[in-house]
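Participant: According to our numbering, the stretch in the sequence shown is residues 17 to 166, in order. Even glycine gets a Cβ: it sits at the ideal position worked out from N, Cα and C. This structure is a prediction, so every number in the text was calculated from the model and none was measured.
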Amino acid sequence: MTTATDTPARATSGQLATFRLDGDLYGVEVEHVQEVLRSQVLTRVPLAPPAVAGLINLRGQVVTAIELRERLGRPPRPAGTDAVVIVVRLHGEAVSLLVDSIADVVDVDATDFEAPPDTLDGQARELIRGAYKLDGTLLLALDVQKAVGA
Numbered sequence: 017m018t019t020a021t022d023t024p025a026r027a028t029s030g031q032l033a034t035f036r037l038d039g040d041l042y043g044v045e046v047e048h049v050q051e052v053l054r055s056q057v058l059t060r061v062p063l064a065p066p067a068v069a070g071l072i073n074l075r076g077q078v079v080t081a082i083e084l085r086e087r088l089g090r091p092p093r094p095a096g097t098d099a100v101v102i103v104v105r106l107h108g109e110a111v112s113l114l115v116d117s118i119a120d121v122v123d124v125d126a127t128d129f130e131a132p133p134d135t136l137d138g139q140a141r142e143l144i145r146g147a148y149k150l151d152g153t154l155l156l157a158l159d160v161q162k163a164v165g166a
């Protein structure tokens with residue numbers, strides 16, 4: 017018997033802004049996305065956790081940049097390739113997520129939501145809310161709040 021605590025977290029219908037990271041498709045709720053930017057100059061932060069790539073000056077506002085490859089346990093971005101910056105807003109604070117490329121905004125339905133794939137493990141499993149099956153591909157729904165947390 018399934019109880020409320022056994023169901024996947026936050027199966028929602030709506031729109032997800034999607035992006036690619038190490039060949040896989042991920043998505044975040046559109047309402048969290050403030051803007052998408054090309055590669056930005058990063059200021060490194062001494063003694064910061066490995067996932068903190070640095071700080072970005074966003075029109076005078078200092079924004080922390082989180083390297084999602086590191087957070088999700090993926091290999092480092094190949095040398096010579098620039099990250100795309102997705103600025104998300106949580107609880108009034110802006111944080112940027114570094115990804116490989118931006119994709120589309122897609123409509124998702126809660127009925128297509130499934131638990132995270134069994135192939136996910138470690139860090140990635142903790143940060144993925146679940147998955148949506150889209151025409152021949154799997155869209156992994158990122159838990160933005162967990163992803164920006166240390």
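Using DSSP's beta-bridge definition, name the partner residues of K149.
Facilitator: Per DSSP, L154.
Participant: Rounded to whole angstroms, what is the Cα-Cα separation between A75 and Q50?
Facilitator: For the record, residue 75 in the displayed sequence is Arg; it is not Ala. Going from the Cα of R75 to the Cα of Q50 covers about 13 Å.
Participant: By the 10 Å Cβ neighbour count, where 16 or more other Cβ atoms means buried, how is E83 classified, buried or exposed?
Facilitator: Burial call: buried.
Participant: Buried or exposed: S29, going by 16 or more other Cβ atoms within 10 Å of its Cβ?
Facilitator: That one is exposed.
Participant: With R75 as the anchor, note down where its alpha helix (DSSP H) starts and where it stops.
Facilitator: First-last for R75: undefined, no H or E at that position.
Participant: Taking A163 and L114 to be in contact with their CB atoms under 8 Å, please state how far apart those CB atoms are, rounded to whole angstroms.
Facilitator: Not confirmed; about 11 Å, so no contact.
Participant: If we ignore side chains and look at the alpha-carbon of each, how far apart do S55 and A157 end up?
Facilitator: Straight-line Cα distance between these residues: approximately 23 Å.
Participant: Between P94 and A81, what straight-line distance do the alpha-carbon atoms span, to the nearest angstrom?
Facilitator: Answer to the nearest angstrom: the Cα atoms are 18 Å apart.
Participant: Along the beta strand (DSSP E) that carries R36, what are the first and last residues, could you check?
Facilitator: Looking at the DSSP string, the run of the beta strand (DSSP E) that includes R36 is 30-37.
Participant: Rounded to whole angstroms, what's the CA-CA distance from A12 to G146? Just pull it up for me.
Facilitator: No answer is possible for residue 12: the residues shown for the chain start at 17 and end at 166.
Participant: Helix, strand or coil for G138 per DSSP?
Facilitator: Of the three classes helix, strand and coil, the one that applies to G138 here is helix, per DSSP.
Participant: Report yes if the CB atom of V46 is closer than 9 Å to the CB atom of V121, and no otherwise.
Facilitator: Yes, Cβ-Cβ distance for V46 and V121 is below 9 Å.
Participant: Classify R197 as buried or exposed, calling it buried when 16 or more other Cβ atoms lie within 10 Å of its own Cβ.
Facilitator: Given that the chain is displayed from residue 17 to residue 166, the structure contains no residue 197 and the question cannot be resolved.
Participant: Taking the straight line between their C-alpha atoms, what separation do you get for V111 and V160?
Facilitator: So the two alpha carbons sit approximately 10 Å from each other.
Participant: Taking the alpha helix (DSSP H) that R87 falls in, what are its first and last residues?
Facilitator: Residues 84-87.
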